[in-house]
Amino acid sequence: MREKSSATARRTIAGDRAAGLVLGALGVLAFSMSLPATRVAVQHLDPWFVAFGRCVGAAVLAWGYLWITGAPWPSPRQWRRLSLVALGVVVGFPLFTSLALTSQTASHGAIVITVLPAMTAVFAVLRAGERPPPLFWIASTGGLLAVLAFLVANGAVVGAPARADLFLLAAVVLAGLGYAEGGALARELGGARTICWALVLSLPVTVPIVAAVALATAPHADAGGWSAFGYLTVVSMFLGFFAWYAGLARGGIAQVGQLQLAQPVLTLAWSALLLGERVTPASIVAAVVVLACVALIQRTRTTRQAIVVVPAAARRR
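Residue numbers (our numbering): 1004 to 1320.
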């Protein structure tokens, strides 16, 4: 009986990890176009309108989802945690990236966003109680250095650090907090309800700002600008988080968060396709190294689960 329970637990863990990685990869794919779309949108629209307008639009969709599904109201403790999610991914990241990309390119922004997986892992330790093994941090650092080398070789770094870089760093810190807190809370609420409640919670802040900006300067953009804004609203701020938070909850925040190592490479690919920004063949080498590091990260997690989690589950049986 104990051997059967152990085998069942092992299959459950492997299934959760695999599902988490697939969902996390979908989230990364959705987010990888966020910087290029933001760059396009802020060329036509006020950056404050872009940052908070997309949050208001996504909150309307979120309210509809919560009403249709009959989602129960979060507890007071969950509301407090949702406020951290909202601070990080609903307010902080959209605002600071919008401000930064008024003067910087999407490819330049990619180099700063490279540190986001590491920041997510740090907050996974601080806020979610995860304890990745040393090899995890070694592999994560290797992937980070590979992406940094790729971006430097690709010419994404031009000039000295400026105010835009400080905005991007602030965005990274707040996003790391929002990802870790949201991923942990999604274990209780689910990925979809976590981002939906965070968006609704933010409405008292986002609506007045959007109204004030719109009254000061009427929003006006061409089809490309509104299309970019629409993508940020529906995909980056809404649907992408359905997959992302569900993936973090099922596969582990620090673990799945490292899939973001591939995001700068994808971002530069979108930047080249949509904005005509230059991408060199070095991307192939960087992509291989990054994928190898991600594979090593997943292997360290497998070993750790096999040693620690499965026997614990068997003992509870």
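Beta carbons are placed, not taken as given, at the ideal position from N, Cα and C, and that holds for glycine.
Going by the beta-carbon positions, is the gap between residue i and residue j smaller than 7 Å?
{"i": "residue 1057", "j": "residue 1236", "result": "yes"}
{"i": "residue 1341", "j": "residue 1062", "result": "The requested residue 1341 does not occur in the structure, where the chain is confined to residues 1004 to 1320."}
{"i": "residue 1055", "j": "residue 1213", "result": "yes"}
{"i": "residue 1279", "j": "residue 1245", "result": "no"}
{"i": "residue 1175", "j": "residue 1119", "result": "yes"}
{"i": "residue 1050", "j": "residue 1105", "result": "yes"}
{"i": "residue 1250", "j": "residue 1023", "result": "yes"}
{"i": "residue 1259", "j": "residue 1027", "result": "yes"}
{"i": "residue 1117", "j": "residue 1041", "result": "no"}
{"i": "residue 1178", "j": "residue 1130", "result": "no"}
{"i": "residue 1247", "j": "residue 1060", "result": "no"}
{"i": "residue 1231", "j": "residue 1021", "result": "no"}
{"i": "residue 1228", "j": "residue 1047", "result": "yes"}
{"i": "residue 1188", "j": "residue 1083", "result": "no"}
Would you give the residue range spanned by the alpha helix (DSSP H) that residue i belongs to?
{"i": "residue 1086", "result": "1079–1088"}
{"i": "residue 1344", "result": "The shown model of the chain, from 1004 to 1320, leaves out residue 1344, and the question about it has no answer."}
{"i": "residue 1258", "result": "1256–1260"}
{"i": "residue 1267", "result": "1266–1273"}
Does DSSP put residue i in a helix, in a strand, or in coil?
{"i": "residue 1307", "result": "Note that residue 1307 scores a pLDDT of 37, beneath 50, so its modelled location is shaky; the value from the coordinates is reported in the next line. Residue 1307 falls in the helix class under three-state DSSP."}
{"i": "residue 1240", "result": "helix"}
{"i": "residue 1200", "result": "helix"}
{"i": "residue 1107", "result": "coil"}
{"i": "residue 1118", "result": "coil"}
{"i": "residue 1023", "result": "helix"}
{"i": "residue 1046", "result": "coil"}
{"i": "residue 1035", "result": "coil"}
{"i": "residue 1134", "result": "coil"}
{"i": "residue 1097", "result": "helix"}
{"i": "residue 1076", "result": "coil"}
{"i": "residue 1279", "result": "coil"}
Would you check whether the ligand MG has a heavy atom nearer than 6 Å to the C-beta of residue i?
{"i": "residue 1145", "result": "What this structure holds is no ligand at all, so the ligand MG is not there to describe."}
Across the stretch 1060–1071 and the stretch 1115–1126, are there enough close Cβ pairs to call them in contact, namely three or more that are closer than 8 Å? no
Residue ranges of each alpha helix (DSSP H) run of no fewer than 4 residues wholly in the stretch 1175–1236, ordered along the chain? 1194–1204, 1206–1219 and 1226–1234
For the stretch 1081–1095 against the stretch 1190–1198, do three or more pairs of beta-carbon atoms, one drawn from each stretch, fall closer than 8 Å, so that the two count as touching? yes
So, does the stretch 1031–1041 touch the stretch 1225–1242, judging by three or more C-beta pairs under 8 Å? yes
Within 8 Å, do at least three Cβ pairs link the stretch 1037–1051 to the stretch 1253–1261? no
Any contact of the stretch 1077–1084 with the stretch 1223–1235, i.e. 3+ C-beta pairs under 8 Å? no
Segment contact, 8 Å Cβ cut-off, at least three pairs: the stretch 1096–1115 with the stretch 1171–1191: yes
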